[in-house]
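Engineer: Would you mind keeping the following structure in view while I ask a few things?
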Amino acid sequence: MTKLASYYVPGLYVEDHSIDVPLDWRGLEPALLAVGSTMRRGAMPAPIPGAPESIKLFYRVLCAPGRENDDLPLLVFFQGGPGGECPRPCSPTSDGWIAEAIKHFRIVLPDQRGCGRSGRVSGKGIEALGTRATAAGANPARAQADFLKRYLASSIVRDFEYLRLTQFGGKRWVSLGQSYGGFLTLTYLSLFPAGLAACFTCGGIPHVPASAAEVYAHTFPRMAAKTQQYYERYPQDVKNQTHAARVVSVREFWSSADLTGNQTAARNFA
Numbered sequence: 032m033t034k035l036a037s038y039y040v041p042g043l044y045v046e047d048h049s050i051d052v053p054l055d056w057r058g059l060e061p062a063l064l065a066v067g068s069t070m071r072r073g074a075m076p077a078p079i080p081g082a083p084e085s086i087k088l089f090y091r092v093l094c095a096p097g098r099e100n101d102d103l104p105l106l107v108f109f110q111g112g113p114g115g116e117c118p119r120p121c122s123p124t125s126d127g128w129i130a131e132a133i134k135h136f137r138i139v140l141p142d143q144r145g146c147g148r149s150g151r152v153s154g155k156g157i158e159a160l161g162t163r164a165t166a167a168g169a170n171p172a173r174a175q176a177d178f179l180k181r182y183l184a185s186s187i188v189r190d191f192e193y194l195r196l197t198q199f200g201g202k203r204w205v206s207l208g209q210s211y212g213g214f215l216t217l218t219y220l221s222l223f224p225a226g227l228a229a230c231f232t233c234g235g236i237p238h239v240p241a242s243a244a245e246v247y248a249h250t251f252p253r254m255a256a257k258t259q260q261y262y263e264r265y266p267q268d269v270k271n272q273t274h275a276a277r278v279v280s281v282r283e284f285w286s287s288a289d290l291t292g293n294q295t296a297a298r299n300f301a
């Protein structure tokens with residue numbers, strides 16, 4: 032673990048840290064790696080040409096000033112997105128929930144792998160990976176795809192579980208998942224339920240069994256009602272929208288089909 036900085040902002044004591052985590056968790060268990068075992072179960076996964084063996088996991092820890100050494104319960108925040116970094120609070124009111132949580136918890140704000148300061152993925156980095164893979168005689172597209180597969184929810188929660196075990200003494204923590212963080216919460220509960228004392232979610236709860244068609248069937252009537260409500264408030268837009276739909280149809284913005292192969296662009300617009 033590397034402590035990068037510690038400082039005070041109004042109403043908060045903040046520490047910035049980073050640790051190394053495996054890029055590829057296949058065959059590894061956080062609990063075993065936490066005690067030094069690097070043995071992989073099953074077949075050894077082929078290394079990804081041009082990719083590093085480990086990446087940095089950045090996390091920030093908050094507590095109320097004067098409680099730096101108190102034995103506080105832990106609350107870990109799972110950021111939504113996917114693709115967003117965790118909050119960078121300048122005060123307890125920077126994010127509304129922090130003002131209340133800081134009264135009761137030590138708050139852990141990890142950047143998910145690939146986001147913020149945690150092994151960030153960028154187009155330039157992916158391009159460089161392809162170049163290195165080509166130099167190694169490998170298929171660059173395959174190397175890039177295999178690399179990106181290592182950034183799914185199953186790897187993200189393994190990072191978090193390893194963080195809990197190695198940096199917080201294995202103490203169970205409470206989780207707060209926002210949007211995509213709700214999906215991470217369910218993945219965490221599926222893989223490492225013993226690590227969680229309680230879970231709170233703000234959205235991001237998938238339907239079981241998952242069915243996009245059923246979701247749309249429920250949301251369409253509400254969307255139609257909202258559209259009607261909008262037109263009642265702005266009746267002049269009925270004419271404007273009709274005109275815009277005609278323009279889309281006549282000019283064939285998407286030629287014969289749009290990028291999804293849909294030939295009813297004007298109908299969708301209206």
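Heads up, my numbering is the position in the sequence shown plus 31, with the first residue counted as 1. Each residue gets a CB set at the ideal place from its N, CA and C atoms; glycine is no exception.
Grab the span of the beta strand (DSSP E) containing residue 48 for me, first residue to last.
Structural biologist: Counting along the chain, the beta strand (DSSP E) containing residue 48 begins and ends at 43–53.
Engineer: Just reading off the beta strand (DSSP E) that residue 128 is part of, what are its end residues?
Structural biologist: Run containing residue 128: none in the beta strand (DSSP E); it sits in the alpha helix (DSSP H), 127–132.
Engineer: Could you check whether the Cβ of residue 269 sits closer than 8 Å to any Cβ belonging to chain D?
Structural biologist: Although the question refers to chain D, the structure presented lacks it and comprises just one protein chain.
Engineer: Give the straight-line distance between the Cα atoms of residue 204 and residue 166, rounded to the nearest whole angstrom.
Structural biologist: Roughly 44 Å separates the two Cα atoms.
Engineer: Across the stretch 168–187 and the stretch 215–222, are there enough close Cβ pairs to call them in contact, namely three or more that are closer than 8 Å?
Structural biologist: The answer is yes - the stretch 215–222 touches the stretch 168–187, with three or more Cβ pairs under 8 Å.
Engineer: Do three or more CB pairs link the stretch 237–246 to the stretch 133–146 at distances below 8 Å?
Structural biologist: No, the stretch 237–246 does not touch the stretch 133–146.
Engineer: DSSP state of residue 208, grouped into three classes?
Structural biologist: Residue 208: strand per DSSP, three-state reduction.
Engineer: Per DSSP, what are the beta-bridge partners of residue 87 in this structure?
Structural biologist: Answer is 51, bridged to residue 87.
Engineer: Please list the terminal residues of the continuous beta strand (DSSP E) segment that includes residue 34.
Structural biologist: From DSSP, the beta strand (DSSP E) with residue 34 extends over 33–40.
Engineer: Roughly how many angstroms separate the alpha carbons of residue 179 and residue 191, rounded to a whole number?
Structural biologist: Their backbone Cα atoms lie some 18 Å apart in a straight line.
Engineer: Please list, in chain order, all residues of the same chain as residue 48 whose beta carbon is under 8 Å from its beta carbon, the five residues on each side excluded.
Structural biologist: 32, 33, 34, 35, 89, 90, 91, 92 and 198, listed in sequence order.
Engineer: Under a three-way DSSP split, which group does residue 136 fall into?
Structural biologist: Residue 136 falls in the coil class under three-state DSSP.
Engineer: Using the Cβ count rule (16 or more neighbours within 10 Å means buried), how would you classify residue 55?
Structural biologist: Per the 10 Å Cβ criterion, buried.
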